[in-house]
Amino acid sequence: MQALDIPMAMTFLIIAATVVLYATERYSIELIALGSVVAFMVLFAVFPASGPDGPITAGSLLSGFSNPAVVTVICLLIIGQGLFQTDALEKPAQALVKWSRGRSQMATIPVLLVVAALSAFLNNTPVVVMFLPILSAVAATMGTSPSRVLMPLSFMTILGGMTTVIGSSTNLLVANYAAQTSDLRLTFFSFTPIALILATAGSIYVLFIMPRLLKARRTMAEEIQNSSGKQFIAQINIGYGHPLVGVESISGMFPALKDMTVRLVQRGEQPLLPPFENVILSPGDTVIVAATRNALANALSRRQPLLEADPSGQTSAADAAPSSAQPGTMTLAEVVVAPASRMTGRTLVQTGFHADTGCVVMGIQRRSRMPRMAMNDIRLEAGDVLLIAGTSAQVSSLRGNRDVLLLDWSTAEVPRRRYAPRALAIFLAVVAVAAVGIAPIAVTAVAGTFAMIASGCLNIRQALRAIDSRILMLVGSSLAGAAALEATGGAAYIANGLVEILRGSSPTVILSSLFMIVMILTNFLSNNAAAVLFTPIAIKMANQLGQSPEAFVVCLIFAANASFATPIGYQTNLIVMGPGHYRFSDFLRAGTPLSLILWLTFSLVAPWYYGL
Numbered sequence: 001m002q003a004l005d006i007p008m009a010m011t012f013l014i015i016a017a018t019v020v021l022y023a024t025e026r027y028s029i030e031l032i033a034l035g036s037v038v039a040f041m042v043l044f045a046v047f048p049a050s051g052p053d054g055p056i057t058a059g060s061l062l063s064g065f066s067n068p069a070v071v072t073v074i075c076l077l078i079i080g081q082g083l084f085q086t087d088a089l090e091k092p093a094q095a096l097v098k099w100s101r102g103r104s105q106m107a108t109i110p111v112l113l114v115v116a117a118l119s120a121f122l123n124n125t126p127v128v129v130m131f132l133p134i135l136s137a138v139a140a141t142m143g144t145s146p147s148r149v150l151m152p153l154s155f156m157t158i159l160g161g162m163t164t165v166i167g168s169s170t171n172l173l174v175a176n177y178a179a180q181t182s183d184l185r186l187t188f189f190s191f192t193p194i195a196l197i198l199a200t201a202g203s204i205y206v207l208f209i210m211p212r213l214l215k216a217r218r219t220m221a222e223e224i225q226n227s228s229g230k231q232f233i234a235q236i237n238i239g240y241g242h243p244l245v246g247v248e249s250i251s252g253m254f255p256a257l258k259d260m261t262v263r264l265v266q267r268g269e270q271p272l273l274p275p276f277e278n279v280i281l282s283p284g285d286t287v288i289v290a291a292t293r294n295a296l297a298n299a300l301s302r303r304q305p306l307l308e309a310d311p312s313g314q315t316s317a318a319d320a321a322p323s324s325a326q327p328g329t330m331t332l333a334e335v336v337v338a339p340a341s342r343m344t345g346r347t348l349v350q351t352g353f354h355a356d357t358g359c360v361v362m363g364i365q366r367r368s369r370m371p372r373m374a375m376n377d378i379r380l381e382a383g384d385v386l387l388i389a390g391t392s393a394q395v396s397s398l399r400g401n402r403d404v405l406l407l408d409w410s411t412a413e414v415p416r417r418r419y420a421p422r423a424l425a426i427f428l429a430v431v432a433v434a435a436v437g438i439a440p441i442a443v444t445a446v447a448g449t450f451a452m453i454a455s456g457c458l459n460i461r462q463a464l465r466a467i468d469s470r471i472l473m474l475v476g477s478s479l480a481g482a483a484a485l486e487a488t489g490g491a492a493y494i495a496n497g498l499v500e501i502l503r504g505s506s507p508t509v510i511l512s513s514l515f516m517i518v519m520i521l522t523n524f525l526s527n528n529a530a531a532v533l534f535t536p537i538a539i540k541m542a543n544q545l546g547q548s549p550e551a552f553v554v555c556l557i558f559a560a561n562a563s564f565a566t567p568i569g570y571q572t573n574l575i576v577m578g579p580g581h582y583r584f585s586d587f588l589r590a591g592t593p594l595s596l597i598l599w600l601t602f603s604l605v606a607p608w609y610y611g612l
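Given below as structure tokens:
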């Protein structure tokens, strides 16, 4: 057995320190990952070493940042951003929520069970890509944080993927290696019965217990925007061809405006006040509503908009031609009327706000009271919040405006819903081509990213915004650590040490210990690396004990798939990390119990199942 030398010991120390720092979250993930790469570069500059592909250099340590897995994950995040920007999955999500009658578990549990079933026959990555935006949309529709459902999505694909030989690349890798080095031939459903027992135990935890352990993670902007249900006064000018023409009030309300509170209908000189009885909206009416920002954004982004970003407020939906904010490129933001502003005491028309800035005021929010009058008749006061629409450049130019104060966190682009069909078509094409195997997932992901941008579903700035630097740094640094372990002999040292420590133990103890060791390593190496490293060791253990190698090889398959405790353990964990706003500690807290459940279940069931 190889002796523990300085490079190997330093490699163990760097990896251990990196994991501890990740878990404490005292420093950013990017800084910790970069620090670990620098430490490995210094280590091998002082103590040169060679791996299977030659000497370990700075280039080989940095090669993980250009790994196809990293590019694939980033491209999939951009494709998901395209679906988000166009609200392509809003209607399926609403239908699912309606079917579940508003109960979140009824909406998510059937989807997650379907995910697990598909993962048994398809590659896990396209399955997660397919369902991530669906579950995100369901969570948004129900007002639930995506963090409650996206980590369960990743874990259910892993549980489903370990039930058949083709369920994951790890299963195939181990099965093929075992067939080459022994008489063991694993068929499609060879280990499905025992895998179903483990998957069932794990699924009960994932579906019913784990969501309670996950914190509602939101970005800062989401937390600020969603912290209150503040409402704006807005007006809808109904012209010929407007979607609301002919809409009749029912029980004093207008069903077509269910997300808004209608405060006044101005018909010529006659104001109509609630409750509205037998009122039919007609061209020329002005509807004054109180609504949240989200409701106004939805009304603005519909294919037949209820609101128009037109300064005169007289353009109908049929002949609208907004001059300042073209459909699909519009940005919404909030500004506060500054103290001593020239706008104070004036109406919007008198301020000339649109002529000066190019932005259009979509709504007014006043904290002290909610005026019941047309928006254009309200005289502004210091502290009023204005919801404005314009191009990104026009909104940004307000930072230097002395009359209003731009709330930077409030800036967000209106969804490009008219591009929803093409975004959905691109997404389905990417998943279908990758699932059928016509092209590798890396190829389809890059092609899908290009299609999303070229077709107008995303612009370059939106695509770049979807890239999560944490994922790039996590994968790159973890691959550098794996290369260091292999070059210094650290991985082989651990494997051989396990054989020596367990020498003379019963098959049951050895099998359980093998599962535990591989389960720990697979969360810090790739699952494929752990599988390749331990497959010959597992077969050697079985031969030394005079047992069939099947139990040991299957143990290795399950343990290598138990990559739940870290985001770097499996590619699907990385995919959901950004959209779910997860931290490293979230995986430790929610994933570690699942790994232990699988270990305990296997340790109890395997001796009975294989007759050890």
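According to UniProt numbering, the stretch in the sequence shown is residues 1 to 612, in order. No residue lacks a Cβ here, since even glycine has one placed at the ideal position from N, Cα and C.
Proximity winner among the options, relative to residue i (alpha-carbon distances)
i: proline 549; options: Leu405, Met375, Ala606; result: Ala606
i: asparagine 496; options: Leu479, Leu380, Ala463, Thr535; result: Thr535
i: glycine 363; options: Ser410, Val247, Ala291, Pro110; result: Ala291
i: residue 645; options: Leu118, Ser60, Leu556, Ala33; result: The question about residue 645 has no answer here: the residues shown for the chain are numbered 1 through 612.
i: leucine 511; options: Leu186, Met473, Leu556; result: Leu556
i: proline 243; options: Thr192, Ala299, Ala179; result: Ala299
i: glutamine 85; options: Gly456, Ile537, Thr157; result: Gly456
i: arginine 148; options: Ile158, Val19, Leu132; result: Leu132
i: tyrosine 610; options: Asn176, Ala565, Met156, Val553; result: Val553
i: isoleucine 575; options: Ala432, Ile78, Ala234, Arg461; result: Ile78
DSSP three-state assignment for residue i, whether helix, strand or coil
i: methionine 343; result: coil
i: leucine 306; result: coil
i: methionine 541; result: helix
i: glycine 82; result: helix
i: glutamine 326; result: Note that glutamine 326 has pLDDT 41, beneath the 50 cutoff, so the model's placement of it is unreliable and the number below is only indicative. Glutamine 326: coil per DSSP, three-state reduction.
i: threonine 286; result: strand
i: phenylalanine 189; result: coil
i: phenylalanine 232; result: strand
i: phenylalanine 254; result: coil
i: proline 421; result: helix
i: tyrosine 610; result: helix
i: isoleucine 166; result: coil
i: methionine 373; result: coil
i: asparagine 237; result: strand
i: glycine 448; result: helix
i: aspartate 384; result: coil
i: valine 404; result: strand
i: glutamate 486; result: helix
Span separating the alpha-carbon of residue i from that of residue j
i: alanine 333; j: valine 289; result: 19 Å
i: alanine 88; j: alanine 423; result: 7 Å
i: aspartate 285; j: phenylalanine 254; result: 14 Å
i: leucine 172; j: threonine 164; result: 9 Å
i: alanine 531; j: phenylalanine 524; result: 13 Å
i: serine 341; j: glycine 476; result: 51 Å
i: isoleucine 15; j: aspartate 5; result: 16 Å
i: glutamate 30; j: tyrosine 22; result: 10 Å
i: alanine 58; j: methionine 41; result: 6 Å
i: methionine 142; j: alanine 297; result: 17 Å
i: valine 499; j: isoleucine 537; result: 8 Å
i: valine 335; j: histidine 581; result: 27 Å
i: serine 228; j: isoleucine 194; result: Only weak support is given to the placement of serine 228: the predicted model assigns it a pLDDT of 47, under 50, and the value that follows is read from those uncertain coordinates. Roughly 49 Å separates the two Cα atoms.
i: isoleucine 250; j: glutamate 269; result: 24 Å
i: leucine 264; j: asparagine 294; result: 21 Å
i: arginine 366; j: leucine 214; result: 36 Å
Close-in-space but distant-in-sequence residues of the same chain around residue i (CB under 6 Å, 5 per side omitted)
i: valine 361; result: Leu348, Leu386, Ile388
i: serine 513; result: Leu502
i: asparagine 573; result: Ser154, Pro567
i: aspartate 468; result: Gly578
i: methionine 260; result: Val289, Ala291, Ala295
Nearest-angstrom Cβ-Cβ length linking residue i and residue j, presumed shorter than 8 Å
i: leucine 83; j: valine 129; result: That pair is no contact at about 10 Å.
i: methionine 210; j: alanine 559; result: No, methionine 210 and alanine 559 are not in contact; Cβ-Cβ is about 20 Å, not under 8 Å.
i: serine 50; j: alanine 487; result: 6 Å
i: arginine 372; j: arginine 346; result: No, arginine 372 and arginine 346 are not in contact; Cβ-Cβ is about 20 Å, not under 8 Å.
i: proline 275; j: leucine 207; result: With a Cβ gap of about 45 Å, proline 275 and leucine 207 do not count as contacting.
Own chain partners of residue i with C-beta closer than 7 Å, once the 5 adjacent residues on each side are dropped
i: proline 593; result: Tyr205
i: alanine 562; result: Met519, Thr522, Ser595, Leu598
i: proline 507; result: Leu545, Gln547, Leu612
i: valine 245; result: Ile238, Leu281, Ser282, Pro283
Same chain only: Cβ atoms within 8 Å of residue i, ignoring 5 sequence neighbours per side
i: alanine 201; result: Ile597, Leu598, Thr601
i: phenylalanine 12; result: Gly490
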